[in-house]
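First the structure, in the form of structure tokens, and then the observations on it.
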Amino acid sequence: MLRFILRRTLYAAPSLLGLLIFTFLLIRVVPADPAAALAGDNATPQQIADIRHQYGFDRPIAEQLLIYFGQILRLNFGESQYTHRPVGLDIRQRLPATLELTFAALLIATVLGIPLGVLAGIYHNRWPDFLLRLLSISGVAIAAFWFAIMLQLLFAMELDWLPLRGRSSVGMLAPPEITGSLILDSLFAGRFDACWDALRHLVLPAVTLSLGAFATITRFTRAGVLETMQKDFVLYERAVGYPHRRLVWIYVLRNSVIAAVTQIGLLFGALIAGAVVVEAIFDWPGIGNYAVLAILSADYKVMLAVTLLIGVVYTVVNILTDFVHGLLDPRLWEQL
Amino acid sequence: MLLLAKKFARDIPALIGLVIVIVAITIAIIGPWIAPHPGDVVASHLTQRLKPPSAAFPFGTDNLGRDLLSRVILGTRGALEVALIVVALAAAIGVPLGLVAGYASGWPSELIMRITDVFLSLPQLVLALALAQLLTPSLESAMIALAMTYWPFFTRLVFAETRRLKAALFVDALRGIGAGSTRILFAHILPNAISPVIVRATIGLGFTILVAAVLGFLGMGATPPQPDWGLTISESRNYLPDAWWYATFPGLAILLAVLGFNLLGDGLRDLFDPRLRRSR
């Protein structure tokens, strides 16, 4: 098992290296003058020259690459033009909000997606199946930003059931930070009002973000169940009169959920990327919102850092997914 | 061929997709003639600002008094054009790379596939946004950025197909009678690998409409007064909740268009290869 993890991690190394080189090239090759791009629109020639020197653009490209690697490894991303604070610090403060949102969306998608996928599989080609297929196809086709606005329009503006934007109400004191999740932290502090407030703020963004993931999980669970139902052991257990419910919800589910679990892993990366738009609309103080602000104000250092961060998360999550995959299906240990 | 058509006709979701796609293409072509107020791309009528849907304006009017139905119709052409250019560009980059990587062995193949992996591990939307910004924001930049982020999907697909076909007997035979690599790749392997490419391209069209709308929404794509769907939704946000129609109808247009291409793509996939599971 250890060998599996080691080898899998080694496989990811070229991708991570490629990611570093790619972001390096992105900032140096795409704009005509990278120093001018980094300095922003209103920079004086002196400032541009300073940046050229500071970033080492006047040195050989191989040396620049090494310096860049060094900076990244020390998590030194420079200072944001937008907030005038170190980018690393900004990201560290904003990451918990994004993680809370992403986990909430993944939780909603999994808790709803797997049982509904099983139902669709059982009622194959009958109305629950058709309904869920329509739902999951629309879930992928809908524009998240539009869906978010429709939710805001209905639940926040018209019905006034849920808050329109933000992560907590104005004047609501934040609980002492332990995990970074507002909901958990306020529970630990015994602040149920703060917890309820945070939950209410989380609902709309999390539901919006979960839509695509829900569609994918439902589809893969359904496909898995359909395939497993054809297997000989199911036929046998049916023949000997094994209770149908137990058969479906324990044995069939366990054998058909593997593909869906892989998807859950892959979705985590996609969700963090999807959070970019959702956070921007709901004013959620996470890294997605940070990325949009950075992109709109051409803050390259932030763009670079966020792109790298999400790329690394993708890669790490891929490794973890393979690991969980192996736990569910030990035959896979042997293959790598 | 007839058999395929019959099989396709039994797949109701795919047929719905086909109808939506045909309608969308028709609207894109004849839009300027069927839109009730074709001048409303640039015109403004401040006396009829933000009117709710009525017989005169089925989708209502926007903050400049322009007919939203007309603008949704006129926006179709832009959306499809962008999607078509982006997917064609991505296929033009991705397919040859996949062919070469699949047919060659050793370091060229490794290099191409590693680069593909890096691109696939990057968040597409963030990458497209960053690229579009670096290239100075405009519709052209957005299209280049989207193509630059979509080609790896074609490469990986064609790579796998080429690897599979490379071992086929007919390729051995061709090599035996002295056919050159280029000829084998483009005249014999490519036609055999084209159906998954078509499926991917169809779904890619839907996906690109979606991502292009996000770019437009965030102000990194189309510019006012273009009747872009994403841009219109972004403009509508200042007039909510009163002007609900302003945001609703362009979004429905996006949903329908993307749905059409996805359904059609899924149907084509089942048609070409019934063994493949439906997935993204």
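Which chain is which? The protein sequence lines are Y and U, in order. Start counting the first sequence at 999; every next residue gets the next number (our numbering). Start counting the second sequence at 11; every next residue gets the next number (our numbering). We treat Cβ as the ideally placed atom computed from N, Cα and C, and that holds for glycine.
Suppose you measure from the CA of Arg1026(Y) to the CA of Phe227(U); what does that come to, to the nearest Å? 28 angstroms
For the alpha helix (DSSP H) that contains Glu1175(Y), what are its first and last residues? No alpha helix (DSSP H) contains Glu1175(Y), which DSSP labels as neither H nor E.
Sub-8 angstroms separation of Val1138(Y) and Ala1211(Y) beta-carbons: no
When the Cα of Arg1336(Y) is compared with those of Pro1012(Y), Gly1016(Y), Pro1113(Y), Pro1161(Y), which residue comes out closest? For chain Y, the structure presents residues 999 to 1334; residue 1336(Y) sits outside this window and is missing.
Along chain Y, which residues have their Cβ under 8 angstroms away from the Cβ of Gln134(U)? Ala1271
Using the beta-carbon of each residue, which ones in chain U are nearer than 8 angstroms to Met1148(Y)? Ala257, Thr258, Gly261
Taking 8 angstroms as the threshold, find out whether the stretch 1259-1267 of chain Y comes into contact with the stretch 1306-1316 of chain Y through three or more Cβ pairs. yes
Unbroken stretches of the alpha helix (DSSP H), 4 residues or longer, contained in the stretch 1043-1088 of chain Y: 1043-1052, 1059-1071
Which residues in the same chain have their Cβ closer than 6 angstroms to the Cβ of Leu137(U), if we skip the five residues on either side of it in sequence? Thr159
Kindly list the residues whose CB is nearer than 6 angstroms to the CB of Asp1281(Y), restricted to its own chain and excluding five residues on each side of it in sequence; keep chain order. Arg1163, Gly1164
So, at 6 angstroms on beta carbons, what are the nonlocal neighbours of Phe1145(Y) in its own chain, with the 5 sequence-adjacent residues on each side left out? Thr1206
Environment of Trp254(U) [buried if 16+ CB atoms lie within 10 Å]: buried
With a cut-off of 8 angstroms, does the C-beta of Glu1156(Y) fall near any C-beta of chain U? yes
Simplified DSSP assignment, three categories, for Arg290(U): Bear in mind that a pLDDT of 33 at Arg290(U), under 50, signals an unreliable position, so the model cannot answer this.
Answer yes or no: do Val51(U) and Pro235(U) have a C-beta to C-beta separation smaller than 8 angstroms? yes
Please say whether Arg185(U) and Ile194(U) have beta carbons closer to each other than 8 angstroms? yes
Proximal residues, the stretch 1312-1323 of chain Y versus chain U, C-beta separation under 7 angstroms: Tyr1312, Thr1313
Since Ser205(U) is in the alpha helix (DSSP H), which residue starts that stretch and which ends it? 200-227
Anything in chain U within Cβ reach of Thr1305(Y), meaning under 8 angstroms, just list it in chain order. Leu132, Pro133, Val136, Leu137, Ala140
Do Pro23(U) and Leu273(U) have their CB atoms nearer than 8 angstroms? yes
Let me check understanding here. Comparing Cα to Cα, which of Phe1321(Y), Ala1278(Y), Val1259(Y), Ala1303(Y) lies closest to Ala1107(Y)? Val1259(Y)
Closest to Ala177(U) by C-alpha separation, out of Phe129(U), Leu215(U), Ser115(U), Thr165(U), would be which residue? Ser115(U)
Backbone CA spacing between Leu135(U) and Gly1286(Y) [nearest angstrom]: 11 angstroms
If we count the other Cβ atoms within 10 Å of its Cβ and call it buried at 16 or more, is Ser289(U) buried or exposed? Here the model assigns Ser289(U) a pLDDT of 38, short of 50, so the residue's position is not dependable, and the following value carries that caveat. The residue is exposed, with fewer than 16 neighbouring Cβ atoms inside 10 Å.
Between which two residues does the alpha helix (DSSP H) harbouring Thr1216(Y) extend? 1190-1227
Give a yes or no on whether the C-beta atoms belonging to Leu278(U) and Ile204(U) are separated by under 8 angstroms. no
Other residues of its chain near Thr1007(Y): CB distance less than 8 angstroms, five sequence neighbours each side excluded: Ile1317
Taking the straight line between their C-alpha atoms, what separation do you get for Ile122(U) and Leu107(U)? 7 angstroms
In three-state DSSP terms, what is Thr146(U)? coil
Quick one: Cα of Pro260(U) to Cα of Pro1084(Y), how far? 39 angstroms
DSSP on Asp1327(Y), reduced to helix/strand/coil? coil
Using alpha carbons as the reference points, say which of Gly112(U), Leu130(U), Ala197(U), Ser119(U) lies closest to Ala170(U). Gly112(U)
Helix, strand or coil at Thr71(U) according to DSSP, with G and I counted as helix: strand
Measuring only between beta-carbons, confirm whether Leu281(U) sits less than 8 angstroms from chain Y. no
For Asn272(U), return the contacting residues in chain Y, with the cut-off set at a CB-CB distance below 7 angstroms. Ile1135, Val1138, Ala1139
If the cut is a Cβ gap below 8 angstroms, which residues of chain U does Ile1308(Y) touch? Leu132, Pro133, Val136
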